[in-house]
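Engineer: First, the structure itself, so that you have it in front of you.
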Amino acid sequence: RVPAFAAHRKGARPPVAHAQLPCNIAARTLASPIYAAAVQEASTGPDASDAPVQLTPPQLTWPMRTHEAGTLRPEHIGQRVTVCGWVDRNRDMGGVQFFDIRDHSGLLQVVSEPQSAPEVSRVAARLRQEYVVAVTGTVRARKDPNARLATGGVEVVASEVTVLNVVTRSLPFPISESDAAPKEGLKEDTRLRNRVLDLRRPAMAANLRARHKMVSTIRRVLEQEGGFIEVETPILTRSTPEGARDYLVPSRLGAGEWYALPQSPQLFKQMLMVSGLDRYYQIARCFRDEDLRADRQPEFTQLDMEAAWMDAPALQALVERLVVAVFAEVAGVEVALPLRRMTWHEAMERYGSDKPDLRYGLEHVDV
Numbered sequence: 191r192v193p194a195f196a197a198h199r200k201g202a203r204p205p206v207a208h209a210q211l212p213c214n215i216a217a218r219t220l221a222s223p224i225y226a227a228a229v230q231e232a233s234t235g236p237d238a239s240d241a242p243v244q245l246t247p248p249q250l251t252w253p254m255r256t257h258e259a260g261t262l263r264p265e266h267i268g269q270r271v272t273v274c275g276w277v278d279r280n281r282d283m284g285g286v287q288f289f290d291i292r293d294h295s296g297l298l299q300v301v302s303e304p305q306s307a308p309e310v311s312r313v314a315a316r317l318r319q320e321y322v323v324a325v326t327g328t329v330r331a332r333k334d335p336n337a338r339l340a341t342g343g344v345e346v347v348a349s350e351v352t353v354l355n356v357v358t359r360s361l362p363f364p365i366s367e368s369d370a371a372p373k374e375g376l377k378e379d380t381r382l383r384n385r386v387l388d389l390r391r392p393a394m395a396a397n398l399r400a401r402h403k404m405v406s407t408i409r410r411v412l413e414q415e416g417g418f419i420e421v422e423t424p425i426l427t428r429s430t431p432e433g434a435r436d437y438l439v440p441s442r443l444g445a446g447e448w449y450a451l452p453q454s455p456q457l458f459k460q461m462l463m464v465s466g467l468d469r470y471y472q473i474a475r476c477f478r479d480e481d482l483r484a485d486r487q488p489e490f491t492q493l494d495m496e497a498a499w500m501d502a503p504a505l506q507a508l509v510e511r512l513v514v515a516v517f518a519e520v521a522g523v524e525v526a527l528p529l530r531r532m533t534w535h536e537a538m539e540r541y542g543s544d545k546p547d548l549r550y551g552l553e554h555v556d557v
């Protein structure tokens with residue numbers, strides 16, 4: 191094996207993995223061979239001519255972020271900060287380099303001025319979308335505030351830039367919200383093959399954060415208002431046939447024996463009730479081997495709960511409070527109580543379904 195920082199044989203090209211190490215491209219290390227290899231890899235692709243490259247060990251120090259990009263505000267003006275993230279877009283405005291850096295908190299504009307930092311400015315001109323960078327600089331007020339961004343009133347004047355990773359080929363689809371290319375036309379297969387890139391899109395990240403906020407609200411309401419405790423039940427268990435087929439997992443130690451993945455925690459929560467733990471809930475992962483439909487998935491998550499010594503009206507009132515809290519916390523929508531209730535017979539007579547869509551105005555009429 192060749193040591194990570196050994197000189198490569200003549201005519202051999204350094205692997206892309208070497209370009210993934212942190213490379214400081216401030217003035218003192220602008221000519222770093224690793225950075226040169228990374229830029230060449232990103233700009234010419236894998237079929238470019240193989241020029242010998244002598245690698246030297248870079249500084250094995252990772253930049254420490256002081257602030258999240260989307261959290262800088264006018265009160266930070268004058269402070270020296272370090273932000274880390276992905277290059278969202280890059281633009282040249284009359285020799286002055288601007289680029290937006292993106293992390294989970296939002297976007298931030300970075301400016302590199304050739305008068306004060308010519309080396310950094312030259313490097314900033316080579317940055318491409320989705321390069322991973324760390325930027326150190328001073329926060330100042332923007333001359334042209336952008337009211338559409340939470341950070342639109344400030345920008346960072348870069349004095350130091352660190353490239354942590356580069357893009358070596360064309361992106362399969364646009365990630366930046368500023369790109370005009372339609373994202374709705376993306377094939378699902380393309381998105382799944384590039385799931386990491388897909389999850390960088392703000393809309394996808396927002397979905398995961400909304401789910402997290404919903405689960406956090408559920409836990410708070412059930413524990414603080416309902417006195418429930420969260421209990422994780424086994425995933426590998428024996429088969430308990432329900433409405434679908436089980437997923438079976440062969441046992442390595444027991445020849446001819448199998449585990450089954452649970453369709454629901456039904457038996458376990460009943461055991462908890464009998465044992466005296468009378469308020470249980472779980473954000474449960476369940477598995478059902480059935481044909482795919484719009485409302486059927488082989489693996490899904492459900493809120494599973496059970497309560498002893500509680501009648502139906504009390505349980506319905508608790509669920510109502512839970513629904514109201516989730517809508518208020520996640521969507522900012524205030525739902526008035528009590529929620530409208532409908533009996534099974536009324537639903538079947540009026541809509542022909544026990545889970546009617548009340549937006550549908552055409553009800554059943556007896557003739």
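All letters in the sequence shown, in the order written, are residues 191 to 557 by this note's numbering. The beta-carbon is built from N, C-alpha and C at its ideal position, and this holds for glycine as well.
On a Cα-Cα basis, can you pick out the residue from Val300, Leu389, Arg330, Gly522 that is closest to Ala324?
Structural biologist: Cα-wise, what sits closest to Ala324 is Val300.
Engineer: Any chance the stretch 437-452 sits against the stretch 468-479, with 3 or more Cβ pairs inside 8 Å?
Structural biologist: Yes: the two stretches touch, three or more of their Cβ pairs being nearer than 8 Å.
Engineer: Within the same chain, show all residues whose beta-carbon is closer than 6 Å to that of Leu529, passing over the 5 residues directly before and after it, in chain order.
Structural biologist: Taken in chain order, the residues that qualify are Glu510.
Engineer: So what does DSSP say about Ala324, is it helix, strand or coil?
Structural biologist: Ala324: strand per DSSP, three-state reduction.
Engineer: Curious, which full-length alpha helix (DSSP H) runs of at least 4 residues does the stretch 405-490 contain?
Structural biologist: Listed in chain order, they are 456-465.
Engineer: Please work out which residues of its chain come closer than 8 Å, Cβ to Cβ, to Gly417, disregarding the five sequence neighbours upstream and downstream, and give them in chain order.
Structural biologist: So the list reads Arg469, once near-sequence residues are dropped.
Engineer: Starting from Asp605, trace the alpha helix (DSSP H) both ways and give me its first and last residue.
Structural biologist: Summary: the structure shown does not reach residue 605, with the chain confined to residues 191 through 557, and so no result is reported for it.
Engineer: Using C-beta distances below 7 Å, list every residue in its chain close to Ala400, excluding the 5 sequence neighbours before and after it, in chain order.
Structural biologist: Excluding positions up to five away in sequence, the list reads Val520.
Engineer: With distances taken Cα to Cα, identify the nearest neighbour of Val411 among Pro452, Val310, Ala515, Leu387.
Structural biologist: Of the listed residues, the one whose Cα sits closest to Val411 is Ala515.
Engineer: Just tell me which of Arg263, Asp334, Val513 has its CA closest to the CA of Ile408.
Structural biologist: Of the listed residues, the one whose Cα sits closest to Ile408 is Val513.
Engineer: Taking the straight line between their C-alpha atoms, what separation do you get for Tyr550 and Ser543?
Structural biologist: Tyr550 and Ser543: Cα-Cα distance of roughly 12 Å.
Engineer: Among residues of its own chain, excluding the 5 on either side of Pro392, which ones have a beta-carbon nearer than 7 Å to its beta-carbon?
Structural biologist: Result list for Pro392: Glu367, in chain order.
Engineer: Does the pairing of the stretch 455-470 with the stretch 418-431 give three or more beta-carbon distances under 8 Å?
Structural biologist: Segments in contact, yes.
Engineer: Suppose the cutoff is 6 Å on Cβ atoms and the five residues either side in sequence are ignored; what does the same chain contact list for Gln230 look like?
Structural biologist: In this predicted model, Gln230 has a pLDDT of only 44, less than 50, meaning its place in the structure is not dependable; the value taken from the coordinates is given anyway. Closer than 6 Å at the Cβ level, and outside the excluded window around Gln230, lies no residue.
Engineer: Between Val277 and Arg332, is the Cβ-Cβ spacing less than 8 Å?
Structural biologist: No; because the gap between Cβ atoms is not below 8 Å, this pair is not in contact.
Engineer: Output the boundary residues of the alpha helix (DSSP H) element that contains Ser311.
Structural biologist: Element bounds for Ser311: 308-314.
Engineer: Take Asn355 as the anchor and find which of Ile365, Glu320, Leu361 has the nearest alpha-carbon.
Structural biologist: The candidate whose alpha carbon is nearest that of Asn355 is Glu320.
Engineer: Going by the DSSP bridge assignment, what does Gln492 pair with across the sheet?
Structural biologist: Per DSSP, Ala474.
Engineer: In the DSSP assignment, find the beta strand (DSSP E) that holds Gln319 and state where it starts and stops.
Structural biologist: No beta strand (DSSP E) holds Gln319; DSSP gives it neither H nor E.
Engineer: Using only the alpha-carbon positions, how far apart do Leu339 and Gln487 sit?
Structural biologist: If you take the alpha carbons of Leu339 and Gln487, they lie about 37 Å apart.
Engineer: Note down, in chain order, each residue of its chain lying with its Cβ closer than 8 Å to the Cβ of Arg381, except the 5 sequence neighbours on either side.
Structural biologist: Here the set comprises Phe363, Asp388.
Engineer: Could you name the residues of the same chain whose beta carbon sits closer than 6 Å to that of Arg281, not counting the 5 residues immediately before and after it, in chain order?
Structural biologist: Excluding sequence neighbours, Arg281 sits near Phe288.
Engineer: Could you check whether Pro264 and Val344 sit closer than 8 Å to each other, using their CB atoms as the reference points?
Structural biologist: Yes, the pair counts as a contact, with Cβ atoms nearer than the cut-off.
Engineer: Residues in its own chain within less than 7 Å of Leu527 by CB, not counting five upstream and five downstream?
Structural biologist: Correct list, in chain order: Glu510, Val514.
Engineer: Can you find the residues in the same chain that come closer than 6 Å, C-beta to C-beta, to His266, ignoring five residues on each side of it along the sequence?
Structural biologist: Val329.
Engineer: If you follow the beta strand (DSSP E) that Val300 is in, where does it begin and where does it stop?
Structural biologist: Start and end: 296-302.
Engineer: I'd like the span of the beta strand (DSSP E) that includes Gln287, first residue to last.
Structural biologist: Where Gln287 is concerned, the enclosing beta strand (DSSP E) stretches over 286-293.
Engineer: Please report the residue range of the alpha helix (DSSP H) in which Ala504 lies.
Structural biologist: First-last of the alpha helix (DSSP H) with Ala504: 502-516.
Engineer: May I have the straight-line CA-CA distance separating Val310 from Glu303, to the nearest angstrom?
Structural biologist: Rounded to the nearest angstrom, the two C-alpha atoms are 8 Å apart.
Engineer: With DSSP collapsed to three states, give me the class of Ala400.
Structural biologist: DSSP places Ala400 in helix when its eight states are reduced to three.
Engineer: Which class does Thr352 belong to by DSSP, given the choice of helix, strand or coil?
Structural biologist: DSSP places Thr352 in strand when its eight states are reduced to three.
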